[in-house]
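This report concerns only the one structure given below.
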């Protein structure tokens, strides 16, 4: 149980009590197949869509040819990791039904929630959904299409493709699916794609030895605990929770939930959060829905309330995994092991000490989010203070943009003579490296590898 300093929590609550509409305009939400829903409201459970068509990429500088590619990818869309949200809300629905306290929507919601839970159980809790498998397959195919001469060269020269994962089921499955999809694009790659190996230190570092200080921060840091309590336990949250519950339960029953009569099952905020979590995971399970038409969970939570609970989810990820407090790097310094591996693989290709054609890594949001902060990727550059906490209005960080399901970071390496250039794709969008890194020309997305070594303070820089 986290201990909270009352004065700090009260101060933060006052600062966070800005009306949500004033914090930020909601996301446009249309690109990932949500219809008119707000993409931001799904947080890191947002499903994947590439952010740029490769036809609009910059031309590779004259004379350069691709010689290597490497990535790190979050696993694809998945089911919920357990049944706790469904169990909680269904238990309350059962009690209310027995007393005639359900609304018309409440009578609809129960069977839908049961069907969604059954579908997730069939898929396997925490495992890739059909949509997730498609996301990974299609991302691999697009990689091959973007770099046809590279993969033709890999096949011709018999260059190995190394595949590594965190060892967790959905990451292993994503790695295997990705490799299989690449092989389908060119059968000559099949024998070159290595059996997926596990490297927990590299791709599950928040749970490995290198994450010990981080885990202590999560468990024991008083400022973090106070901040998260202030974000969650504010009047707006309780009002939003009541709005959510009033769609399902008659007012008298909502009053009883709020009063704590069913606290052994869940509080008002816990019950509303369970509804939100089912809403958030539903798009990832869209192909398992009846007729593949979707679950319609947005019918049971208003856009404003989904946005609010999405903000709460984003705030937790921001403080626990992302830029966090501006005076500390505890949430992301452990990602250095992964950034270091990116450099090592590119440098080995340049130095002629590696014959790899590609390095493919598969991991989780807990690794993508801190890596994005460490690298200064768009949206992940701004930490906060206790006096000015994270809000949508004051900070660009959004889980749906930083680390949606299937999110990925890719470096493509190009060679001309003894010069090696790197292009970075972030969710398949050409992306500049952090401020202070100089591209080969103004506005270019291509960087000399020596310059990146200088910019990121790598030892052995040739600059």
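In our numbering, the protein residues as written are 415 to 877.
Built from N, CA and C at the ideal position, the CB exists for glycine as well.
Every value quoted in this text rests on a predicted model; they were computed, and no experiment measured them.
Cβ-Cβ distances below 6 Å link residue 804 to 729, 732 and 798 in the same chain, with the five nearest sequence neighbours on each side left out; the list follows chain order.
For residue 756, the uninterrupted alpha helix (DSSP H) run begins and ends at 750-765, by DSSP. In terms of Cβ geometry, residue 686 and residue 640 do not form a close pair [threshold 9 Å]. When the beta-carbon positions are compared, residue 462 and residue 784 stay at least 9 Å from each other. Considering only 848, 624, 617 and 833, the residue with the shortest C-alpha distance to residue 475 is 833. For the pair residue 788 and residue 827, the CB atoms are not nearer than the 9 Å cut-off. 483 is the residue among 483, 762, 868 and 548 whose C-alpha sits nearest the C-alpha of residue 824. When the alpha-carbon of residue 744 is set against those of 563, 753, 631 and 587, the nearest one is in 631. Under DSSP, no beta-bridge partner is assigned to residue 548.
Collapsing the DSSP output to three states places residue 861 in a strand.
Distance check between residue 801 and each of 628, 637, 735 and 649 places 637 closest, using alpha-carbon atoms only. Between residue 533 and residue 794, the C-beta gap is not smaller than 9 Å, which leaves the two residues out of contact. In this chain, the beta strand (DSSP E) harbouring residue 776 covers 772-777. Assignment of residue 830 by DSSP, reduced to helix, strand and coil, places it in the strand class. Separation of the CB atoms of residue 775 and residue 486 is rounded to 4 Å, and the pair is thereby assigned contact status at 8 Å. Cα atoms of residue 675 and residue 545: separation of roughly 39 Å, rounded to the nearest angstrom. Residue 527 has its alpha-carbon roughly 8 Å from the corresponding atom of residue 692. 9 Å or more divides the Cβ of residue 499 from the Cβ of residue 725.
A direct Cα-to-Cα measurement between residue 464 and residue 490 gives close to 13 Å. Annotation: the continuous beta strand (DSSP E) that includes residue 479 extends over 479-488. Each residue's CA atom was taken as its position, placing residue 697 and residue 709 some 8 Å apart. Apart from sequence neighbours up to five positions away, the residues of its chain that approach residue 844 with a beta-carbon distance below 6 Å are 471 and 859, ordered along the chain. Restricting attention to 773, 781, 583 and 658, the CA atom closest to the CA of residue 628 is found in 781. Between the alpha carbons of residue 509 and residue 671 lies a gap of roughly 11 Å. Here residue 804 carries a coil assignment [DSSP, helix/strand/coil].
Sequence-distant partners of residue 572 (beyond 5 residues in either direction) whose C-beta falls short of 7 Å from its own C-beta, in its chain, are 606. In the three-state reduction of the DSSP assignment, residue 837 falls in the strand class. For residue 608 against residue 574, the beta-carbon gap comes to about 6 Å, under 8 Å, which counts as contact. Excluding five sequence positions before and after residue 504, the CB atoms of its chain that fall closer than 8 Å to its own CB belong to 524, 527, 528 and 531, given in chain order. Sequence-distant partners of residue 502 (beyond 5 residues in either direction) whose C-beta falls short of 7 Å from its own C-beta, in its chain, are 679, 680, 684, 685 and 688.
Looking from the CA of residue 540, the closest CA among 518, 616, 586 and 559 belongs to 586. According to the DSSP secondary-structure assignment, residue 824 is paired through a beta bridge with 485 and 839.
Straight across, the Cα-Cα distance linking residue 719 with residue 600 is about 47 Å. The three-state secondary structure of residue 578, taken from DSSP, is strand. Residue 612 sits in a strand when the DSSP states are folded into three classes. With respect to the C-alpha of residue 838, the residue from 796, 717, 511 and 468 having the closest C-alpha is 468.
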